[in-house]
Amino acid sequence: MDLNYTPEHEAFRTEVRRFLKENLPRDIRERVKKRLRPDKAMTQRWQKILHDKGWGASTWPEAFGGPGWSPLEQLIFEEECALAGAPRQLDFGLRMVAPVIMTYGNDEQKERFLPGILSGEDWWCQGYSEPGAGSDLASLKTRAVREGEHYVVNGQKTWTTLGQHADWIFCLVRTSNEGKPQQGISFLLIDMKTPGVEVRPIIMLDGEHEVNEVYFDNVKVPVENRVGEENQGWTYAKFLLGHERTGLANVGQWKAMMKRLKEIAEEQPDGDRALIENARFRDRLAQLDIELQALELTVLRVLTDDNGPGPQTSILKIKGTEIGQALFELAMEAVGPAALAHIPDALELDYEGARVGSIDATPAAGDYFNMRKLSIFGGSNEIQRNIIAQRVLGL
Amino acid sequence: MNFNLTEEQHMLQDSLRRFLANEYGFDKRRDIVAGGQGVDKATWNAFAEMGLLGYTLPEEYDGLGGNGLDTMLVMENFGRALVVEPYLSTVVLGGSIISEAGSDEQKQRILPKIATGEEFLAFAHYEPSGRHNLDYVRTEIQTHGDDYILNGRKTAVFDAAGAHYLIVSGRRKGRPTEPVSLFLVNHDSSGVEIEEYTTHDGHRVADVILDSVMVSDDDRIGGRGQAMPIIEKGVDRAIAALCAEAVGAMEALNETTREYVQTRQQFGMPIGKFQVIQHKLADMFIATEQARSMAILAASESDSDDRDQRRRAVSMAKALVGQSARFVGQTAVQLHGGMGVTDEMFAAHLFKRLTLINLQFGDADYHLGQVSDGMLKSA
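Protein sequences appear in the order of chains A and B. Quick note: the first sequence uses the working numbering, first residue 63, plus one each step. Quick note: the second sequence uses the working numbering, first residue 192, plus one each step.
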């Protein structure tokens, strides 16, 4: 065993750090560090900068225009990006639909879809969830009926994150009712401009428009937009979820958040002293720091395991999301009563009106409310516990 | 970076596991504990033959030059089988303190005899009013010509009664802030009184009373007043070893609990079919894997000479392992129902050991405090 990064990895880290220092625009960094409202232009601008460097898709192999990094290099890259204050890249294209297209798509689909994902020009969203289905994904009802060279799609998707910006949606649709519910599902790529697609906002408890409902009313989708075989979509969906779960540990993001939280605790007054001097608060910070350290090592153990990620990755989803939620909870409590104020306009970079408390107070409670989603999406944490119990422990 | 065992470690692990499975079953362990000696001679000799006792001692003193990760491997397997023998006292703590800071004469005299299993050591440092505080030392040292006289009381000294040497800390009389010195004290020295008792988990522990005990300058370990870094490093290695032991015990407890819930029938089915039980076991598994990650960190850092980094890693690990051990232990007992609180269940004994590990060398709150206060210093 050797817990040290190799000199090559350290050199790689230095290279990434230098690149970020020279190329991450100041306004973007400011916005991310202050946890202000992200926007589409910012995400696309950053994606283009990374793409120009050849680093647009850290997880992709070279054959598809990725840098061909090892899992450890990907982790270092993510961590440095987060610590530098880079915005999150959009997972839906880069990390969710792209691996499915690479693995199960045909050559035409690869040529047609991957370049736009890599450059950030095509914005993708996810069409898995349906009203009433929740984590019971296989119960989905959106139907696709084959009519000649088209499928006609009818139904409704929900929880479509950032779907209001999307050019494309990847969907699980029901193409058969025979056999087990898992057996009649297909994987379709749908152009959001197709007639019959309608996006309606869902306003979340933090007052923000982040997710949507997507309605399909006789939407004609060319058969060539089906990835893989008809009725085999469940296989591709499970493959995708495996990819998602490793990412959901979010170690880089949480390390950046922990660093920020320590700064907040040093800057935030608590009477005549700094908050960091309050032992009760500091202990909670230390507790999270310890759990985060353990998570980081657990992630590294999973990533360097010769057998590849198995159902143990559910640990990463559960702990990653629990730690994330606890970090935002502490960030909210750190700013004290200033977290009470709800001033949505203050989340914009150019806001010049009045604030309550420091800039850290502006997003504090909203982020806390928003982050309750972490233990619910991507297969709720209860589902993850089922996976561990049944697939790891054999119960 | 890799988390794999080496070829040698694999071989050692295999032979150790085989030995413990065949020769160190739950009944055998009960007999050893009931025997009151705290050590089974045949077992200890077998450990010596396997090379375990000299595994981490320096090669020039008949050891094999292993490191903290090797200790982890041994202790994890000891944890699985609830080994009571004084490996931690003699090899991990005593062996590493003497290897690190002993004079050449002390090393020549003691280390080869540890490796062959002939001699035992005990670490007499903690004192009754000090709780978990490592720097609480009130044992007094008076100079007497070239010699010293020790007076004081040490508490919870593991394996003291069977030890040939006690490693004792003290400060010069009347100077409570004076730096600490460390001595090798022969167990039969005049003025050494050992009040022995057993622990809940079957270990043998003692309070050691030092009443005008004479030691010579040759018995000093390391420089005069320069013992604290030696003590810290030894304790850090012991903590890393305990973390590994706890992970082994948690792993065994998870396995035995899983088997139990698959067998135990209630309401017409095995209770392991109930989701509420499944989620508890999933959480025990997660806690164990997180603890394992930290035990690896502690083991890997335990050899480091970077004091602050090492101490921080070890405290982080001990805090998380202590919390995980408490959670896994309590939950396992709960899932065993009434059987879990009986003496006949292996699970109950694993629970007791896990509980006591949290009390050794600083509990979870103490180490959380260490990490927490460390944040203040770096601020």
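Where is the CB? At the ideal position from N, CA and C, for every residue including glycine.
The stretch 392 to 412 of chain A in contact with the stretch 367 to 380 of chain A per 3-pair CB rule at 8 angstroms
no
Report the three-state DSSP secondary structure of A/GLY419 (helix, strand or coil).
Counting from one through the first sequence, the residue named residue 419 of chain A turns up at place 357. Here A/GLY419 sits in coil by DSSP.
Just how far apart, CA to CA, sit B/GLN469 and A/TRP117?
For this step, residue 469 of chain B is matched to residue 278 along the second sequence. For this step, residue 117 of chain A is matched to residue 55 along the first sequence. Roughly 42 angstroms between the two C-alpha positions.
Contacting positions in the stretch 259 to 280 of chain A - beta carbon closer than 7 angstroms to chain B
none
Can you tell me the Cα-Cα spacing of A/PHE154 and B/LEU255, whole angstroms?
Numbered from its first residue, the first sequence carries residue 154 of chain A at position 92. Numbered from its first residue, the second sequence carries residue 255 of chain B at position 64. Rounded to the nearest angstrom, the two C-alpha atoms are 53 angstroms apart.
If you run the structure through DSSP and keep just helix, strand and coil, what is B/SER287?
Here the question's residue 287 of chain B lines up with position 96 in the second sequence. Under the three-state reduction of DSSP, B/SER287 is assigned to helix.
According to the neighbour-count rule (16 or more other Cβ atoms, all chains shown, within 10 Å of its Cβ), is A/ARG335 buried or exposed?
On the first sequence, position 273 is the one that residue 335 of chain A refers to. A/ARG335 is exposed by the Cβ-count criterion.
Buried versus exposed call for A/PRO123 [16 or more other C-beta atoms within 10 Å across all chains shown]:
Sequence index remark: in the first sequence, residue 123 of chain A carries index 61 (1-based). The residue is exposed, with fewer than 16 neighbouring Cβ atoms inside 10 Å.
Quick one: residues in its chain with C-beta nearer than 6 angstroms to the C-beta of B/ASP410, no 5 flanking neighbours on either side, listed in chain order?
Counted from its first residue, the second sequence places residue 410 of chain B at position 219. Counting only Cβ-Cβ distances below 6 angstroms, and skipping sequence neighbours, we find PHE374, LEU375.
When you compare only the Cα positions, how much space is there between A/LEU323 and A/LEU112?
On the first sequence, residue 323 of chain A is found 261 positions in, with the first residue counted as 1. On the first sequence, residue 112 of chain A is found 50 positions in, with the first residue counted as 1. Spanning the two alpha carbons is a distance of roughly 27 angstroms.
Simplified DSSP assignment, three categories, for A/LYS255:
Indexing the first sequence from 1 puts residue 255 of chain A at position 193. DSSP places A/LYS255 in coil when its eight states are reduced to three.
From the DSSP output, in three-state form, read off B/VAL524 for me.
Counting from one through the second sequence, the residue named residue 524 of chain B turns up at place 333. Of the three classes helix, strand and coil, the one that applies to B/VAL524 here is helix, per DSSP.
To the nearest angstrom, report how far apart B/THR197 and A/GLY127 are at their CA atoms.
In the second sequence, the residue the question calls residue 197 of chain B occupies position 6. In the first sequence, the residue the question calls residue 127 of chain A occupies position 65. Going by the C-alpha atoms only, they are around 36 angstroms apart.
In the DSSP assignment, what residue or residues form a beta bridge with A/SER120?
Translated into the one-based positions of the first sequence, residue 120 of chain A becomes position 58. Its beta-bridge partners do not exist; DSSP assigns none.
Same chain, Cβ closer than 7 angstroms to A/LEU224, neighbours up to 5 away in sequence not counted
Residue numbering aside, residue 224 of chain A sits at position 162 when the first sequence is read from its first letter. So the qualifying residues of the chain are CYS187, GLU272.
Is it buried or exposed for B/THR262, if we count other Cβ within 10 angstroms and need 16 for buried?
By 1-based counting over the second sequence, the position of residue 262 of chain B is 71. Label assigned to B/THR262: buried.
What span of residues does the beta strand (DSSP E) with B/ALA313 cover, start to end?
Working through the second sequence from its first residue, we reach residue 313 of chain B at position 122. It spans 312 to 315 - the beta strand (DSSP E) in which B/ALA313 sits, taken as one unbroken run.
Specify the secondary structure class of B/ALA397 as computed by DSSP and reduced to three states.
By one-based count along the second sequence, residue 397 of chain B stands at place 206. Strand.
For the ligand GTP, is there any heavy atom lying closer than 7 angstroms to the beta carbon of B/GLN469?
Because no ligand of any kind appears in the structure shown, any question about the ligand GTP cannot be addressed here.
Which whole-angstrom value is the C-beta distance of B/GLU267 and B/VAL438, which I expect to be below 8 angstroms?
On the second sequence, position 76 is the one that residue 267 of chain B refers to. On the second sequence, position 247 is the one that residue 438 of chain B refers to. Between B/VAL438 and B/GLU267 the Cβ distance is about 6 angstroms, and since that is below 8 angstroms, they are a contact.
Between A/CYS233 and the rest of its own chain, which residues show a CB-CB distance below 6 angstroms, the 5 nearest in sequence each way excluded?
Position 171 of the first sequence, counting from 1, holds the residue named residue 233 of chain A. Within the same chain, A/CYS233 has close Cβ partners GLY189, LEU250, ILE252.
Shorter than 8 angstroms from the beta carbon of B/PHE194 to some beta carbon of chain A?
As a working note, residue 194 of chain B is residue 3 in the second sequence. The Cβ of B/PHE194 sits closer than 8 angstroms to at least one Cβ of chain A.
Min CB distance B/PHE476 to chain A below 8 angstroms
Position 285 of the second sequence, counted from the start, is the residue given in the question as residue 476 of chain B. Taking CB atoms only, B/PHE476 has a neighbour in chain A less than 8 angstroms away.
Helix, strand or coil for A/MET266, going by three-state DSSP, please let me know.
The residue given as residue 266 of chain A occupies position 204 in the first sequence. A/MET266 falls in the coil class under three-state DSSP.
Which residues share a DSSP beta bridge with A/GLU260?
Sequence index remark: in the first sequence, residue 260 of chain A carries index 198 (1-based). A/TYR277, per the DSSP bridge assignment.
Could you give the DSSP three-state label for A/ASP64: helix, strand or coil?
By one-based count along the first sequence, residue 64 of chain A stands at place 2. Strand.
If we count the other Cβ atoms within 10 Å of its Cβ and call it buried at 16 or more, is A/SER248 buried or exposed?
Taking the first residue of the first sequence as position 1, residue 248 of chain A is located at position 186. With 16 or more other Cβ atoms within 10 Å, it is buried.
Of all Cβ atoms in chain B, is any one closer than 8 angstroms to the Cβ of A/ILE380?
As a position in the first sequence, residue 380 of chain A is number 318, starting the count at 1. Cβ-Cβ to chain B under 8 angstroms: yes for A/ILE380.
Cα-Cα separation, B/GLY286 to B/ASP338:
The count along the second sequence starts at 1 and reaches residue 286 of chain B at position 95. The count along the second sequence starts at 1 and reaches residue 338 of chain B at position 147. Distance between the alpha carbons of B/GLY286 and B/ASP338: 24 angstroms.
Is the shortest distance between the beta-carbon of B/LEU488 and the beta-carbons of chain A less than 8 angstroms?
Indexing the second sequence from 1 puts residue 488 of chain B at position 297. Closer than 8 angstroms to some Cβ of chain A, the Cβ of B/LEU488 qualifies, so yes.
A/ILE247 (DSSP reduced to helix, strand or coil)
Numbered from its first residue, the first sequence carries residue 247 of chain A at position 185. Of the three classes helix, strand and coil, the one that applies to A/ILE247 here is strand, per DSSP.
Once you ignore the five residues that flank A/VAL454 on each side, which residues in its own chain have a CB closer than 7 angstroms to its CB?
Here residue 454 of chain A corresponds to residue number 392 of the first sequence, with the count starting at 1. So the list reads PRO373, GLN374, once near-sequence residues are dropped.
Beta-carbon contacts of A/TRP185 that lie in its chain and below 6 angstroms, excluding the five residues immediately before and after
Working through the first sequence from its first residue, we reach residue 185 of chain A at position 123. So the list reads HIS227, ALA228, ASP229, once near-sequence residues are dropped.
Would you mind stating whether A/ALA200 and A/GLN171 have Cβ atoms separated by less than 8 angstroms?
Counted from its first residue, the first sequence places residue 200 of chain A at position 138. Counted from its first residue, the first sequence places residue 171 of chain A at position 109. It is not a contact, given that the beta carbons lie outside the stated cut-off.
On a Cα-Cα basis, can you pick out the residue from B/ASP218, B/GLU446, B/MET241 that is closest to B/MET202?
By 1-based counting over the second sequence, the position of residue 202 of chain B is 11. Sorting B/ASP218, B/GLU446, B/MET241 by C-alpha distance to the C-alpha of B/MET202 places B/MET241 at the top.
Within 8 angstroms (strictly less), CB to CB, does B/GLY553 reach chain A?
Residue numbering aside, residue 553 of chain B sits at position 362 when the second sequence is read from its first letter. No - not a single Cβ of chain A is within 8 angstroms of the one on B/GLY553.
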